[in-house]
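Residue numbers for the sequence shown follow my numbering, beginning at 21 and rising by one.
Contents: one structure, followed by commentary.
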Amino acid sequence: MAKPVSQKILIKNGRLIDPKNSVDTVTDILIDDFRVCRIGKGLSSPNAEVIDASGKIVTPGLIDLHVHFRQPGDEEEETIASGSAAAVAGGFTSVVCMPNTNPPVDEATAVEFVHRMGRQARKTFIYVMGAITKDRAGKELAEIGLMSLAGAIGFTDDGCGVQDTGVMLRAVKYASMFDVVIAQHCEDQSLARHGAMNAGYKATVLGLPGIDPLAEEMMLWRDIQLIKKTRIRYHAQHISTAGSVRIIRQAKAEGLPVTCEVTPHHLLLTEESVSDYNTNYKVNPPLRTQKDVDALKNAVQEGLVDALATDHAPHLQSEKELEFLAAPCGIAGLECALPLYRKALIDEGICDWSQMLAMLTWRPAGVIRVDKGSLAVGDRADVAIIDPDVEWTVDADRFFSKSRNCPYIGWKLKSKVLYTIVAGEIRYRAAT
Ligand code: DOR
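Here it is, written out as structure tokens:
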């Protein structure tokens with residue numbers, strides 16, 4: 021495996037936004053020996069590659085707590101290499117891979133495999149969440165201890181939630197012996213059944229089975245009762261309903277160690293998009309109502325949302341071309357996530373750049389307890405350089421991801437990642 025390369029990089033005149041350290045100022049940054057070496061105006065350095073960042077935003081590299089890279093098992097949809105390339109093109113210097121691969125990541129060797137593939141891909145940092153239960157079948161606990169020793173930073177059966185309350189209680193009790201986070205895809209199957217979109221009038225009109233918001237809210241509420249017993253760190257993945265926001269608000273008010281994430285699609289799209297049965301809008305949890313979108317945005321404004329996470333879920337075109345009921349759920353979105361968040365949050369006056377970048381840097385780092393998401397002298401140089409003003413049109417043929425199941429194709433978006441630097445090495449530069 022190639023050794024890490026130490027590059028000397030001088031970023032000139034960029035607007036450094038480092039929310040963790042309350043920094044928002046125009047300055048230079050010198051990177052050397054994998055780290056931030058100096059910050060200040062008028063820096064110079066012989067032999068450094070100079071990046072003119074005038075008018076650009078320089079931020080700690082983005083962190084995505086929720087991606088599906090499909091390896092092992094479904095490499096035709098995505099590999100760790102292609103997903104990692106998509107990640108750095110989106111400004112992400114760290115991502116967390118979900119365990120719903122084939123076979124699932126439910127033992128230590130699988131965790132090691134994903135890490136190894138990540139190192140070989142040499143693009144973004146790869147973190148791993150292992151499965152809570154063996155085969156993600158919800159019956160027997162997986163080897164949470166051994167996976168955590170192998171470096172898994174958290175556990176989830178993502179793709180589905182752990183249905184059996186007794187199994188979930190054992191999981192949180194066992195996992196509380198390790199410094200890990202338990203994450204949950206909240207969905208009570210007895211309520212969701214085989215729903216294909218949000219339950220309600222629209223689903224009835226379209227003749228599609230619906231997933232009631234209660235499916236998410238009941239499991240979230242149940243888990244929070246379990247967390248009260250164990251006090252383990254708990255992370256609610258891709259929350260999508262106004263009811264979930266209320267539950268999270270209450271849990272946080274009680275001081276419970278509960279965090280949550282929101283996706284771009286749940287901030288931007290509603291069930292109305294499903295009207296023409298376009299399967300690129302089929303996702304789980306499903307797109308909800310405008311009321312839910314507004315509640316999620318209010319939650320961001322209130323500071324209740326800890327992380328913006330893509331739930332990048334690549335699928336084959338041939339599968340997405342199946343009829344709506346048979347098509348798989350998921351949206352591929354790593355490469356356009358940042359401008360989508362901007363559109364949903366900054367352009368709508370919900371928050372400013374610093375508040376938005378906090379949910380993409382130090383706050384998600386805190387959820388998985390990694391020392392990242394800050395750009396002070398001495399910090400590891402994970403950096404994204406963003407042109408906030410440039411407009412571009414989403415063209416899936418230019419994706420590094422192998423998949424094209426993206427509802428934003430053809431959208432005109434504002435803001436583009438120009439450079440992504442990972443551990444002091446330029447791993448992505450936008451084509452000029
Ligand atoms: O839409 C989704 N797709 N939601 C999930 O929870 C899983 C994901 C996938 O793996 O395709």
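Built from N, CA and C at the ideal position, the CB exists for glycine as well.
Bear in mind that the values here come from a model prediction, so they are computed numbers and not experimental data.
In this structure, THR129 lies away from ARG90, with their beta-carbon atoms at least 9 Å apart.
Relative to the Cα of ILE259, the nearest Cα in the group GLN245, ARG389, PRO233 belongs to PRO233. In this structure, the C-beta of CYS117 stays at least 8 Å away from each heavy atom of the ligand DOR. Looking at the DSSP output, MET149 shares a beta bridge with GLY174.
By the Cβ criterion, the region 387–395 is not in contact with the region 411–427, since fewer than three pairs of Cβ atoms, one from each stretch, lie closer than 8 Å. A distance below 6 Å between beta-carbons, with the five flanking residues on each side excluded, links GLU127 to the following residues of its chain, in chain order: GLU163. Distance from the Cα of LEU36 is smallest, within the candidate group LYS432, GLY393, ARG424, LYS363, for GLY393. For HIS335, the distance from the CB to the nearest heavy atom of the ligand DOR is below 8 Å.
PHE344 is bridged by DSSP to nothing; it lacks a bridge partner.
Taking the C-beta atoms as reference points, LEU365 is found no nearer than 9 Å to VAL403.
Going by DSSP, GLN257 is part of no beta strand (DSSP E) at all; its letter is neither H nor E.
Cα atoms of LYS159 and VAL187: separation of roughly 7 Å, rounded to the nearest angstrom.
If you compare the alpha carbons of ILE146, GLU322, PRO80, VAL125 with that of ASP155, the shortest gap goes to VAL125.
A contact between stretches requires three or more CB pairs, one per stretch, nearer than 8 Å, and the region 107–116 fails this requirement with the region 64–71.
Within 10 angstroms of the beta-carbon of MET197 lie fewer than 16 other beta-carbons, which makes it exposed.
For CYS371, the secondary structure class from DSSP, reduced to helix, strand or coil, is coil. The C-alpha of ARG449 is placed about 6 Å away from the C-alpha of LEU438.
Listed in chain order, the alpha helix (DSSP H) runs fully inside the region 187–216 are 209–212, counting runs of at least 4 residues. The beta carbon of ALA141 sits closer than 7 Å to the beta carbons of ILE100, ALA101, SER104 from its chain, once the five residues preceding and following it are set aside; these are given in chain order. Counting along the chain, TYR361 sits inside the alpha helix (DSSP H) bounded by residues 357–361. Judged by DSSP secondary structure, SER435 falls within the beta strand (DSSP E) whose first and last residues are 432–442. Secondary structure in the region 66–129: the beta strand (DSSP E) runs of 3 residues or longer, each lying completely within the stretch, are 69–72, 77–80, 82–87, 112–117 in chain order. Fewer than three Cβ pairs drawn from the region 285–300 and the region 172–191 lie within less than 8 Å of each other, which leaves the two stretches out of contact.
One thing to note: PRO306 has its Cβ within 9 Å of the Cβ of ALA216. For GLU411, the uninterrupted beta strand (DSSP E) segment begins and ends at 403–413. Shortest Cα-Cα distance from ASP399 to any of GLY34, GLY263, ARG58, ASP44 involves ARG58.
Counting other Cβ atoms within 10 Å of its Cβ, SER114 reaches 16 or more and is therefore classed as buried. Secondary-structure assignment with DSSP links ASP48 through a beta bridge to GLY60.
Counting C-beta pairs closer than 8 Å gives fewer than three between the region 234–247 and the region 288–296, which falls short of the contact rule.
Scanning PRO39, LYS40, SER42, ASP72 for the CA closest to the CA of ILE49 turns up ASP72. Note: ASP38 is bridge-paired with VAL43 in the DSSP secondary-structure output. Using a cutoff of 8 Å, the CB of CYS206 does not count as near the ligand DOR, since none of the ligand's heavy atoms is closer than that.
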